[in-house]
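A.B. asks:
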Amino acid sequence: MLFFKLLLKNRQALIGLAILSIFILSALFAPLLAPHDPKRRVGGIHQPPSAEHILGTTRLGRDIYSQVLHAGRISIAVGLAAGLITTIIAVVTGLSAGYFGGRIDDVITFCTNVILVIPQLPLLIVLAAFIGQVSPFLIAMIIGFTSWAWGSRVIRSQTMALRQKEFIHSAELMGEASWRIITVELLPNLISIIGSGFIGAVIYSIMTQATLEFIGLGDPSSVSWGTMLYHAQTSSAMWVGAWWDILVPCVAISLFGAGLALLNFAVDEIANPKLRANSAMRRWKKMQKQIARESQA
Amino acid sequence: MRFFLRRLSFYLVALIVAASINFFLPRIMPGDPLQIMFGQQMARMTPETVDALRATYGFTDEPLIQQYFQYLGSVARWDLGLSVREFPKPVSEILREGLIWTVVLVGSSTLIAFTLGSFLGLLASWFRGSWYDSIATPLSLVMQSIPSVVICLTALFIFALGLGWFPTGYGYDPQLDPGWNLEFISSVAHHAVLPVLTLVVFQMAAFMIPMRANMINLLGEDYITMGRAKGLSSSRVLFQYGARNALLPSVTTLAMALGFVVGGSFITEVVFNYPGIGYIMFQAILSRDYPLIQGHMLIFTMVMLIANLIADLLYVILDPRVRTGSGDA
Amino acid sequence: MSALLEVKNLCVDYITDQGSVRAANNVSFSIQPGEVFGLAGESGCGKSTVAFAVPRLHNPPALISSGEILFEGENILHFNQQQLQAYRWAKVSMVFQSAMNSLNPVLRVEKQFADMLMAHGYESMKACRARTGELLDMVGIHPSRMRDYPHQFSGGMRQRIVIAIALALRPKLMIMDEPTTALDVVVQREILQQINDLQRELGFSVLFITHDLSLMAEFADRLGVMYAGQLVEVRPSQELLRQPIHPYSHGLTQSFPSIRGPIQKLTGIPGNPLDLTKVPDGCRFAERCFKATDLCREQEPQLIPHATGHVACHHPISIAQQEMSHE
């Protein structure tokens, strides 16, 4: 609980949490907040922001404000789902490799190393291309199942470090079952790494989803931030001066990513106090300066 | 030497895995792979043509295992099949034309990002807690979590369309003939500025953040303190005692990060119509040119493996503990 | 004879999120030219903090908040960066605790001599190499090995290399921060013997930090005992070890076997080291002291002259008493 207390005291974490909650709430209540149906023509072609359409309209005359709210639902859901799959696989493989060692470790480490040298995006593109136009659900699945290697590696090395600790040795000597040692002794000590790994995976998934959809491998009839960009790009929005059509999904993705990044930064700082640029450092600087001044005088 | 042989055999296995994915993917998809590849065109073909195509792409009635080894054999000969869109141009030939552009783009931006990012991370660790550190560090993390699509589109909109400082696309002025003359080279450089810059922005944090963390951990090491005790100047301690040791883990991430950069460069090429293999891939996706898409993945895997090999070499140069073999490290 | 090093009322604070913690409080002592001064105490008592203050090597969050450190009469706390760099190593060199980690793993040994020599006036690489060879020879390492990397040497050899680097500029004071704790016992003896011989031969002063009092008996001229950031007793080492006056020093001498003396029962000191975030008003040792009275708990004892040295205690153990118990 100390962890959450520290989190709430951290400025970056607060800004991040505020951004994230605004996005998640507005996505949850999109049907209530959005004035129009995101998939219907409700205005003229490429109309600039106005009182009626506060963020303008698209080439097909759809209300961008309504779209961006609804798109958040899919984009955030895909990010969370893919992040969850990634994290679960990373934790299971990383923990077992680090804890059991030996043959199990060899096999898992080999697999993670191979996945790490095969470039992610081209692999995803090949997969997506053969599957055809990929629904958001499938996108979440293929991102989730291909991007766990890095997290698995980090968790493995942490587990190996923890395994050397005395409390694990003593638990083993007392004859506790492996599953109990893993869940009761190891997992709680890995929670901050798993947490920051999860946030990182969500960031990555949202970025990748947007990328795949932007190049036309997504399902163009679904409304997400990535497909909004895709439609804006294919309708040459930027070239005809309809900057709002491009700008709105860009800002949405960036803000959400920034919120996650700030939160992750805070989690890292709390987990590694050494890295903190905290108030004590500032106080140290001030005192050092004062002493220097006094000794000059 | 043993170290290198071990790494080399690992890279070979990784390449075979990538090739195997390419081989099995069309075969496990429901339906006739040729049908997926050629779509409607199939209806207009004579049975003989279809059979010939089947033989060309290796979708024969032979046992799967035989097909598999034939495929691996042709990959080993760098025969990646024929493009569908530009039939019968070989995939390897199409990709070769784009490769140089991509290598220059990715290589130069990674180099810049590595140097700049490591340096900024070094400064952040040295001036930890200063205003610079408390702004630059979170800011670079935020930049890293913005998709490259967004960075590229923004850069394109502001600096090319808006301010008109840079061209909006392509690798060089198409009115010029490619050649080793000043006009052409400066045109290439001018066209490369925005793509390179966007990639630098995209990657920088990946080098800056670990560098800062490594340095902060290192500053407590005895040999750093001893360096200071010896009366060396701060910059000497910072670079020769701190940075060189802090860079070691960065070099291993360098190769890993490249996989990430490859994704970024793909988007950069698409947004800026840059004539590298990413853009070729994009065209291939639009026209569902599967052999080309698959060839693209293989060639990127190769690029990754070569980059990893370079990183291994670099590590050996930087860390004498690996080079001289013995020792407790 | 004026002192080489004089530390006066030195206070070092650790600045944390929760507030400041004073790791060294009002520490005063001096070292004469050619003298070996030992500083002993449990881990965390502040002895290394004092050692690091002398060449001003502290990193944040440690901060020298007040006091004076006079080296040959000059207050080094007033030095600017340039003066400090010139003073470090040329006047005061240092041998660190961990032999394994005090050499830069990615630089050749000769380079680690050369960068220091160049920073202090040597001009050519050739001159540096010549000096490096001399120094390595002095500590019993063949000069041809100067082109090797640190990991190619054993722990004991690395520590001798560090000692050779420390001797390079003929400093007047060498600080040794538990230089042998990371080594095995046989190597420990060898290294100590070597330091001892070199000190006799070259005549530099030594500030020797250790938690192992038995090392001090033969080596140190005078000994300071620290507890919870404060000096509690400073006396000639033989006397202090034979007849400690402060109850804490007494406890320390009882918890180590003496090498030559009669066989005695080893007794530890009851209780745990003081938590520096909760410093009492009175004597810091009162809680664990067998002689403590209400006076000790209320009033802090000052370090005052006593017998042949200085002691901070309201109820010093009288020397006569100890003579009795010995017989």
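Chains as they are written, first to last, in my numbering: chain A, 261 to 557; chain B, 26 to 354; chain C, 12 to 338.
Glycine residues also receive a C-beta, built at the ideal position from the N, C-alpha and C atoms.
None of these values were measured; they are calculated from a predicted model.
1) Which value, in whole angstroms, describes the spacing of the CA atoms of C:T143 and B:T250?
2) Please report the residue range of the alpha helix (DSSP H) in which C:R233 lies.
3) For A:S555, return the contacting residues in chain C, with the cut-off set at a CB-CB distance below 9 Å.
4) With distance defined between alpha-carbon atoms, name the residue in B:F84, B:R121, B:L164, B:R69 nearest to A:F525.
5) For B:L120 and B:E111, what's the separation of their Cα atoms in angstroms?
6) Taking the alpha carbon of A:I551 as the point to measure from, which residue in C:N37, C:G55, C:F48, C:E79 has its own alpha carbon closest?
7) Is the number of C-beta pairs between the stretch 238-257 of chain B and the stretch 95-114 of chain C that are closer than 8 Å three or more?
8) If you draw a straight line from the alpha carbon of B:D353 to that of C:T192, how long is it in whole angstroms?
9) What's the call for C:Q204, buried or exposed, on a 16-neighbour Cβ count within 10 Å?
10) Find the nearest neighbour of A:K425 within the set A:S310, A:I282, A:E445, A:A389, judged by alpha-carbon distance.
11) In chain B, which residues lie less than 7 Å from A:S514 when you measure between Cβ atoms?
12) For B:T293 versus B:P220, is the C-beta distance shorter than 8 Å?
13) In the DSSP assignment, find the beta strand (DSSP E) that holds B:S99 and state where it starts and stops.
14) Report back the beta-carbon spacing between A:L344 and A:L523 to the nearest angstrom; my notes put them in contact at under 8 Å.
15) Can at least three beta-carbon pairs, one atom from the stretch 171-186 of chain B and one from the stretch 266-282 of chain B, be found at a separation below 8 Å?
16) 8 Å is my cut-off, CB to CB: does C:S260 come that close to chain B?
17) Mind listing which residues of the stretch 243-255 of chain B have their C-beta closer than 9 Å to chain A's C-betas, in chain order?
18) Counting along the chain, where does the alpha helix (DSSP H) carrying A:L387 start and finish?
19) Strictly below 7 Å CB to CB, what residues from chain A border C:P71?
20) Between A:A461 and chain B, is any beta-carbon pair separated by less than 8 Å?
21) How would you call A:T353, buried or exposed, if buried means at least 16 neighbouring beta carbons within 10 angstroms?
22) Does any C-beta atom of chain C lie closer than 8 Å to the C-beta of A:I336?
23) Check the C-beta distance from A:A350 over to A:W408 and give it rounded, since I have them as a contact under 8 Å.
24) According to DSSP, which residues form a beta bridge with C:L81?
25) Taking Cβ positions, are A:G478 and A:Q393 nearer each other than 8 Å?
26) Among C:I315, C:L242, C:R308, which residue has its Cα nearest to the Cα of C:E53?
27) Taking the alpha helix (DSSP H) that B:P316 falls in, what are its first and last residues?
28) Could you pull out every unbroken alpha helix (DSSP H) segment of at least 4 residues lying fully inside the stretch 172-196 of chain B, listed in chain order?
29) Kindly list, in the order they appear in chain C, the residues whose Cβ is closer than 8 Å to that of A:M467.
30) Step through the CB atoms of chain B and report whether any lies within less than 8 Å of the CB of A:T471.
31) With three or more beta-carbon pairs closer than 8 Å as the criterion, would you say the stretch 374-382 of chain A touches the stretch 316-331 of chain B?
32) Where C:S59 and C:I220 are concerned, what is the direct C-alpha to C-alpha distance, given to the nearest angstrom?
33) State the beta-bridge partners of C:Q241 as determined by DSSP.
34) Say whether chain C places a C-beta atom closer than 8 Å to the C-beta of A:L320.
35) Is A:M498 close to chain B? Criterion is C-beta to C-beta, closer than 8 Å.
36) In or out: B:N206 buried (at least 16 other Cβ within 10 Å) or exposed?
C.D. replies: Once the coordinates are examined:
1) Sequence index remark: in the third sequence, residue 143 of chain C carries index 132 (1-based). Sequence index remark: in the second sequence, residue 250 of chain B carries index 225 (1-based). Near 21 Å, if we compare the C-alpha coordinates of B:T250 and C:T143.
2) For the purposes of this step, residue 233 of chain C is taken as residue 222 along the third sequence, with counting starting at 1. Here C:R233 belongs to no alpha helix (DSSP H); instead the beta strand (DSSP E) covers 233-238.
3) Mapped onto the first sequence, residue 555 of chain A falls at position 295. Residues of chain C passing the Cβ test: N86, L88, H89.
4) Within the first sequence, residue 525 of chain A is the residue found at index 265, counting from 1. Nearest C-alpha to A:F525: B:L164.
5) Taking the first residue of the second sequence as position 1, residue 120 of chain B is located at position 95. Taking the first residue of the second sequence as position 1, residue 111 of chain B is located at position 86. Their backbone Cα atoms lie some 12 Å apart in a straight line.
6) Taking the first residue of the first sequence as position 1, residue 551 of chain A is located at position 291. It is C:E79.
7) yes
8) Walking along the second sequence from the start, residue 353 of chain B turns up at place 328. Walking along the third sequence from the start, residue 192 of chain C turns up at place 181. Because B:D353 sits at a pLDDT of 37, beneath the cut-off of 50, its placement in the model cannot be relied upon, and the point is left open.
9) Along the third sequence, read from residue 1 onward, the residue named residue 204 of chain C stands at position 193. Exposed is the call here.
10) For the purposes of this step, residue 425 of chain A is identified with residue 165 of the first sequence, where counting begins at 1. Nearest of A:S310, A:I282, A:E445, A:A389 to A:K425, Cα basis: A:E445.
11) Numbered from its first residue, the first sequence carries residue 514 of chain A at position 254. Residues of chain B passing the Cβ test: I171, V175.
12) Here residue 293 of chain B refers to the residue found at position 268 when the second sequence is read from its first residue. Here residue 220 of chain B refers to the residue found at position 195 when the second sequence is read from its first residue. A contact, by the Cβ cut-off of 8 Å.
13) Locating residue 99 of chain B in the second sequence gives position 74, where the first residue counts as 1. Element bounds for B:S99: not the beta strand (DSSP E) but the alpha helix (DSSP H), 89-101.
14) Residue numbering aside, residue 344 of chain A sits at position 84 when the first sequence is read from its first letter. Residue numbering aside, residue 523 of chain A sits at position 263 when the first sequence is read from its first letter. About 16 Å separates the two Cβ atoms, so there is no contact after all.
15) no
16) On the third sequence, position 249 is the one that residue 260 of chain C refers to. It does not: the Cβ of C:S260 has no partner Cβ on chain B nearer than 8 Å.
17) G245
18) Reading the first sequence from its first residue, position 127 is the one you call residue 387 of chain A. It spans 380-391 - the alpha helix (DSSP H) in which A:L387 sits, taken as one unbroken run.
19) Indexing the third sequence from 1 puts residue 71 of chain C at position 60. Result: M541, W544.
20) Along the first sequence, read from residue 1 onward, the residue named residue 461 of chain A stands at position 201. A:A461 does not count as touching chain B.
21) Locating residue 353 of chain A in the first sequence gives position 93, where the first residue counts as 1. Answer is buried; the Cβ neighbour count reaches 16.
22) Here residue 336 of chain A is taken as the residue at index 76 of the first sequence, counted from 1. It does not; no Cβ of chain C falls within 8 Å.
23) On the first sequence, residue 350 of chain A is found 90 positions in, with the first residue counted as 1. On the first sequence, residue 408 of chain A is found 148 positions in, with the first residue counted as 1. 4 Å between Cβ atoms; contact.
24) In the third sequence, residue 81 of chain C corresponds to position 70, counting from 1. Beta-bridge pairing links C:L81 to C:E17, C:N86.
25) Mapped onto the first sequence, residue 478 of chain A falls at position 218. Mapped onto the first sequence, residue 393 of chain A falls at position 133. Cβ distance < 8 Å, so A:G478 and A:Q393 count as in contact.
26) To locate residue 53 of chain C, count along the third sequence from 1; it is residue 42. Among C:I315, C:L242, C:R308, the Cα nearest to that of C:E53 belongs to C:L242.
27) By one-based count along the second sequence, residue 316 of chain B stands at place 291. Start and end: 315-343.
28) 173-180
29) Locating residue 467 of chain A in the first sequence gives position 207, where the first residue counts as 1. Residues of chain C passing the Cβ test: none, with the nearest at roughly 34 Å.
30) By 1-based counting over the first sequence, the position of residue 471 of chain A is 211. Interface residue, yes.
31) yes
32) Here the question's residue 59 of chain C lines up with position 48 in the third sequence. Here the question's residue 220 of chain C lines up with position 209 in the third sequence. About 7 Å.
33) Here the question's residue 241 of chain C lines up with position 230 in the third sequence. In the DSSP output, where bridge partners are listed per residue, C:Q241 has C:Y238.
34) In the first sequence, residue 320 of chain A corresponds to position 60, counting from 1. No, no contact with chain C.
35) For the purposes of this step, residue 498 of chain A is taken as the residue at position 238 of the first sequence. Cβ-Cβ to chain B under 8 Å: yes for A:M498.
36) Reading the second sequence from its first residue, position 181 is the one you call residue 206 of chain B. Flag for B:N206 reads exposed.
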